[in-house]
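Numbering (our numbering), first residue to last: 476 to 655. Using N, Cα and C, we set each Cβ at its ideal position, and we do this for glycine too. See structure below.
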């Protein structure tokens, strides 16, 4: 491993097509709820959903916090921008056995994920616990250990070639499995 900063792969939260579309859609629905004649109950129930959701998405995009980083120390799995410090995890190279690019399908939609397979006995990551594992056990196509060390590619852009290049540079023996 070397400290060459040109090989570092880093992505930040920002304005991707999905985030932009959802913020615009939230703004349209929020504005529509403010029109005269909209029932009060609809406003009470939907304004927090669309207004709050749109604001959270915009905050995420404007935050520019690190979503994912591969460097000489290992991998930084950026957390939720609303609770960034509590949900961000760093996984050192000595705990990493491989990368898995996978997709979570929900109905007709799907979301890509970048996951890490970690060696047995690695310290638990934020959010990892019996309840979380019980929930994901039947819902995802990868092992729970990988899910706990995965990040959805939402609110940031993913470049598989740059990931492969960075892993090849910093940890050439670690495989990248593409299941997308």
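On a Cα-Cα basis, can you pick out the residue from the options that is closest to residue i?
i	options	result
residue 644	579, 625, 549 and 508	549
residue 575	599, 519 and 627	627
residue 428	572, 605 and 600	A query on residue 428 cannot be resolved here, the shown segment of the chain reaching from 476 to 655 and no further.
residue 604	620, 595 and 594	620
residue 590	610, 565 and 582	565
residue 585	489, 526, 493 and 623	493
residue 521	535, 533 and 501	501
residue 523	511, 505 and 533	505
residue 622	612, 638 and 630	612
Assuming residue i contacts residue j under a Cβ cut-off of 8 Å, what Cβ separation, rounded to an integer in Å, is found between them?
i	j	result
residue 570	residue 597	4 Å
residue 577	residue 617	5 Å
residue 541	residue 531	Residue 541 to residue 531, Cβ: 18 Å. No contact.
residue 489	residue 536	6 Å
residue 593	residue 486	Wrong, their Cβ atoms sit about 21 Å apart, outside the cutoff.
Based on the DSSP secondary-structure assignment, which residues constitute the bridge partners of residue i?
i	result
residue 585	580
residue 626	589
Q. Are there three or more Cβ pairs, one per stretch, closer than 8 Å when the segment 541–550 is compared with the segment 481–490?
A. The segment 541–550 is in contact with the segment 481–490.
Q. Considering only residues of the segment 543–578, which uninterrupted beta strand (DSSP E) runs meet the minimum length of 3 residues and lie entirely inside it, listed in chain order?
A. Runs of the beta strand (DSSP E) lying entirely within the segment 543–578, each at least 3 residues long, are 549–552 and 564–567 in chain order.
Q. Would you say the segment 511–519 touches the segment 559–568, given that touching needs at least three Cβ pairs under 8 Å?
A. No, the segment 511–519 does not touch the segment 559–568.
Q: Run through the segment 599–623 for me and flag every whole beta strand (DSSP E) of 3 or more residues, listed as ranges in chain order.
A: Taken in chain order, the whole beta strand (DSSP E) runs of length 3 or more contained in the segment 599–623 number zero.
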